[in-house]
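Take a look at the structure set out below.
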Amino acid sequence: MIGELDARIPEGPLADKWDNHRFHEKLVAPANRRRFDVIVVGTGLAGAAAAATLGELGYRVKVFTFHDSPRRAHSIAAQGGINAAKNYKNDGDSIDRLFYDTIKGGDYRSREANVYRLAQISVEIIDQCVAQGVPFAREYGGLLDTRSFGGAQVSRTFYARGQTGQQLLLGAYQALARQVHLGTVELHERTELLDVVLKDGQAVGIVTRDLVTGEMRSHSAHAVVLATGGYGNAFYLSTNAKNSNVTAIWRAHRRGALMANPCFTQIHPTCIPASDEFQSKLTLMSESLRNDGRIWVPEQMDDPRSPDQIPESERDYFLERRYPAFGNLVPRDVASRAAKREVDAGRGVGPLKNGVYLDFSDAMHRLGRDAIEEKYGNLFQMYDRITGEDPYVVSMRIYPAVHYTMGGLWVDYNLMSNVPGLYVLGEANFSDHGANRLGASALMQGLADGYFVLPNTITDYLAGLLGDPPVPVTDPAFANVEREVDERVRALLAVNGSRSVDWFHRELGKVLWDNCGMERSADSLKKALGEIPPLREEFHADVRVLGENETFNQSLEKAGRVADFLEFSELMCLDALHREESCGGHFRVEHQTDEGEALRDDEDFSYVAAWEFTGVDEKPVLHKEELAFEAVELAQRSYK
Ligand SMILES: Cc1cc2nc3c(=O)[nH]c(=O)nc-3n(C[C@H](O)[C@H](O)[C@H](O)COP(=O)(O)OP(=O)(O)OC[C@H]3O[C@@H](n4cnc5c(N)ncnc54)[C@H](O)[C@@H]3O)c2cc1C
């Protein structure tokens with residue numbers, strides 16, 4: 002049984018904590034760094050940044066990705082931008098304001114000290130990326146340009162057209178490739194972590210499967226860093242890359258790492274609506290579009306006219322009407338629920354009546370088509386290719402979709418989980434976004450974690466291991482985990498049932514979306530909790546996994562991931578059921594204001610819910626990290 006959680010939040014005033022902490026942490030001298038092995042799993046922004054930086058510092062790093070190149074990590078898909086408190090626009094921004102917006106945006110369910118540090122580091126990230134040559138958009142005078150994102154009244158989002166993630170990842174990848182070339186980083190592509198190895202309660206390595214040959218291998222190190230992304234694909238349909246999954250953090254959870262706030266899922270308001278039941282992927286239309294796009298529905302129900310034929314006077318710009326202060330740039334949870342309300346009331350548009358309009362005609366008149374094309378050209382092209390509709394002429398159709406997961410493995414201020422030596426970065430941890438992430442804050446957090454936080458905090462743990470060699474892979478601790486992994490893989494292949502892996506995944510997705518999606522209630526969650534275990538049982542009795550282990554086998558890869566989603570989802574619903582309040586993306590219908598906004602219960606739920614695994618089909622144990630707020634006053638979130 003795990004004892005009381007210690008978040009290791011440093012003493013002192015908020016603004017000084019990070020400096021104080023770095024001063025008091027133990028260091029590893031440059032000549033000693035090459036005596037430490039560190040495993041980094043993941044080559045997205047968080048993992049690539051961490052591996053490159055640790056390599057540059059002189060550690061011996063092994064980095065793993067299941068992709069064929071680090072550049073394929075899901076981070077490459079990020080479109081809109083990255084926040085930083087540079088105040089280049091001179092519009093009143095500051096570290097304090099970014100901190101405050103992020104805490105409020107997260108509906109007061111994140112840790113003040115982490116968020117403040119994030120706001121401080123945001124400034125350094127931009128400098129670092131510019132130095133790497135990331136081609137951020139610039140203004141005429143040469144200064145970096147910014148735009149606005151939801152939940153802020155300042156313009157602090159740095160961007161590279163609609164391809165910010167791609168450009169940032171190329172920057173991190175270059176830095177990583179340099180270290181690979183120098184020999185400090187060993188890169189393992191097409192290699193999937195299937196389990197984490199602990200010895201005497203400490204993380205000492207991982208067991209992987211070579212996705213081309215099926216070979217199982219153990220890797221040992223002084224510390225293990227997971228930067229394996231989010232679990233939004235539990236819902237089957239999401240904006241995430243198709244192979245993003247929960248396996249790495251779920252397997253670590255099964256070995257003792259606590260899972261924090263798994264029910265905090267972000268539904269993004271501006272995605273292309275699903276066009277039929279068999280669709281396997283949803284596409285995001287970046288939040289940046291809400292800088293110039295206006296969201297509306299026709300006032301007349303079932304209006305048969307094309308949107309460009311409906312005059313201004315017959316349109317309801319419902320976000321501008323309901324939230325005049327922030328208008329179309331209210332945070333994602335608020336915008337998503339507002340759109341859902343319109344569609345549920347029968348005012349949806351498009352062939353399936355499952356969308357609302359996002360319209361640029363105003364901006365086109367004001368700024369001209371060239372300016373719009375310059376800012377959003379690739380997004381407009383993508384929309385046109387997917388829907389066959391030209392958004393320069395007719396309004397886009399959009400609808401909310403699963404996009405990001407705020408929950409993840411619990412970590413302390415050092416980004417270390419409760420398992421000593423196991424660190425978790427980026428979307429895989431729960432750390433900074435509370436119950437709702439503001440747009441353009443994930444890239445900021447991933448890069449802060451990888452470039453700046455972990456390299457400064459991991460020293461405190463490693464310094465204590467100076468002189469100790471890593472546990473050899475011949476140790477029984479590794480052999481035991483290898484055997485378990487092997488049995489798991491072979492069991493999946495042996496079922497030889499009648500239904501495809503995708504069938505089970507789609508079924509699970511429907512259960513989650515209908516019962517633990519944009520709205521949840523005690524009844525819906527109990528229903529999901531009644532449906533998931535039998536589905537999991539059926540999966541293990543009737544799944545058909547084609548092919549063999551010793552070859553490239555994507556059916557087998559998927560089966561392992563879906564098996565983990567089937568276990569994880571139950572915890573997600575349980576967490577949602579226990580949290581008897583609404584906050585951010587967690588909207589319990591029983592807990593709302595008269596105006597339909599999320600109603601928090603600070604008295605009873607101002608804590609991080611960190612769950613301990615006790616076995617499949619067993620009730621997990623809840624640990625609470627109470628959230629203390631010194632700098633901000635808790636208030637009902639208002640964007641009016
Ligand atoms: C369409 C889209 C647009 C977005 N736009 C923005 C934006 O404009 N601004 C913003 O701030 N955020 C944006 N986000 C969110 C942001 O992109 C992600 O949160 C962020 O990129 C996650 O980075 P990461 O490094 O944590 O993980 P990822 O980029 O998901 O990387 C995970 C890595 O882990 C590896 N991995 C995972 N599991 C295993 C395993 N078991 N074994 C081996 N390797 C493994 C993968 O191969 C990959 O290399 C967007 C998200 C989406 C879906």
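One gets the numbering used here by counting positions in the sequence shown from 1 and adding 1 to each. The C-beta atom is built at its ideal place from N, Cα and C for all residues, glycine as well.
**Item:** Spatial neighbours of residue 592 in its chain, beta-carbon cut-off 6 Å, leaving aside the 5 residues before and after
**Value:** 582, 583 and 600
Inset, instruction - For my contact list, residue 16 and residue 117 are in at a C-beta cut-off of 8 Å; report their separation, rounded to the angstrom. - result: 7 Å
* Three-state secondary structure assigned by DSSP to residue 196 -> strand
task: Taking all protein chains shown into account, decide if residue 358 is buried (16 or more other Cβ within 10 angstroms of its Cβ) or exposed.
output: buried
Just how far apart, CA to CA, sit residue 235 and residue 577?
15 Å
Would residue 202 and residue 220 qualify as a contact pair, given that the criterion is a beta-carbon distance under 7 Å? no
Check your understanding: My guess is that residue 440 and residue 288 are in contact by the Cβ rule of under 8 Å, so how many angstroms apart are they, rounded?
Key -> 4 Å
Could you check whether the Cβ of residue 80 sits closer than 6 Å to any heavy atom belonging to ligand 1?
yes
Rounding to the nearest angstrom, what Cα-Cα distance links residue 614 and residue 57 in this structure?
36 Å
Practice item. Output the distance between the C-alpha atoms of residue 548 and residue 405, rounded to the nearest integer angstrom. Key: 32 Å
**Request:** Output the distance between the C-alpha atoms of residue 260 and residue 572, rounded to the nearest integer angstrom.
**Result:** 9 Å
**Study point:** Status (buried if at least 16 other CB within 10 Å, exposed otherwise) for residue 630
**Key:** exposed
Report task. Less than 8 Å between the CB atoms is what I'm expecting for residue 152 and residue 102, so what's the real figure, rounded? Result -> 6 Å
| Where in the region 493-571 do unbroken runs of the alpha helix (DSSP H), each at least 4 residues long, occur, reported from the N-terminal end onward? | 502-517 and 523-543
### 3-residue-minimum beta strand (DSSP E) runs that sit fully inside the region 142-218, ordered along the chain
186-189, 192-200 and 203-211
Which residue marks the beginning of the alpha helix (DSSP H) containing residue 342, and which one marks its end?
333-343
Quick one: complete alpha helix (DSSP H) runs, 4+ long, within the region 12-45? 18-25 and 31-34
Original post:
Is residue 91 buried or exposed, if buried means 16 or more other CB atoms sit within 10 Å of its CB?
Top reply: exposed
Original post:
With DSSP run on the structure shown, which of helix, strand or coil describes residue 264?
Top reply: coil
- Task: Compute the Euclidean distance between the alpha carbons of residue 667 and residue 366, then round it to the nearest angstrom.
- Result: Within the shown structure, residues of the chain are numbered from 2 to 641, placing residue 667 beyond reach of any answer.
Requested in this report: Could I get the ranges of all uninterrupted beta strand (DSSP E) runs contained in the region 384-442, with 3 residues as the minimum, in chain order?
Outcome: 397-406 and 423-425
For the alpha helix (DSSP H) that residue 105 lies in, which residues bound it at each end? 96-106
Worksheet entry | Proximity test, residue 423 beta-carbon vs ligand 1 heavy atom, cut-off 6 Å | no
(message) Closest to residue 461 by C-alpha separation, out of 3, 13 and 27, would be which residue?
(response) 27
| said: Under 6 Å: does the beta carbon of residue 46 sit that close to some heavy atom of ligand 1? | reply: yes
| task | Return yes when at least one heavy atom of ligand 1 lies under 6 Å from the C-beta of residue 186, else no. | result | no
Under 7 Å Cβ to Cβ from residue 415, same chain only, skipping five residues before and after it: list those, please.
9, 458 and 461
- Query: Buried or exposed: residue 25, going by 16 or more other Cβ atoms within 10 Å of its Cβ?
  - Reply: exposed
*Do residue 193 and residue 212 have their C-beta atoms closer together than 7 Å?*
yes
Do three or more CB pairs link the region 537-553 to the region 479-496 at distances below 8 Å?
-> yes
Checklist entry - Can you tell which of 252, 238 and 297 has the C-alpha that lies nearest to the C-alpha of residue 278? => result 238
Looking at the unbroken alpha helix (DSSP H) that takes in residue 604, where does it start and where does it end?
-> 603-606
Notebook entry, point to check: Terminal residues of the continuous beta strand (DSSP E) containing residue 462?
Noted result: No beta strand (DSSP E) contains residue 462, which is instead part of the alpha helix (DSSP H) from 455-464.
For the alpha helix (DSSP H) holding residue 363, just list the boundary residues, first then last. 362-368
* Please name the residue or residues paired with residue 269 in a DSSP beta bridge. => 402
> Exposed or buried, what is residue 68 when buried is set at 16 or more other beta-carbons lying within 10 Å of its beta-carbon?
Replying inline: buried
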